[in-house]
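K.L.:
Right, here's the structure in full:
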């Protein structure tokens, strides 16, 4: 998978459902922004 270094990614899933995805983004160099839109 390509590097996401320096990219900001908005994650709109609830925090409990997005942890693994956020970790993956961080490992690829992204700066995830968690903004759950549905509780």
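Numbering (my numbering), first residue to last: 104 to 142. Quick reminder that beta carbons are idealized off the backbone N, C-alpha and C, glycines included. Only a predicted model underlies this, so the values are computations on that prediction, with no experimental measurement involved.
Using C-beta distances below 6 Å, list every residue in its chain close to residue 108, excluding the 5 sequence neighbours before and after it, in chain order.
P.N.:
The answer, listed in chain order, is 132.
K.L.:
Roughly how many angstroms lie between the CA atoms of residue 141 and residue 116, to the nearest whole one?
P.N.:
So the alpha carbons of these two residues sit roughly 7 Å apart.
K.L.:
In the structure shown, what three-state DSSP assignment does residue 123 receive?
P.N.:
Residue 123 falls in the helix class under three-state DSSP.
K.L.:
Residue 129 by DSSP, collapsed to three states: which one?
P.N.:
The answer is helix: DSSP assigns residue 129 an H, G or I state.
K.L.:
If we ignore side chains and look at the alpha-carbon of each, how far apart do residue 105 and residue 134 end up?
P.N.:
If you take the alpha carbons of residue 105 and residue 134, they lie about 15 Å apart.
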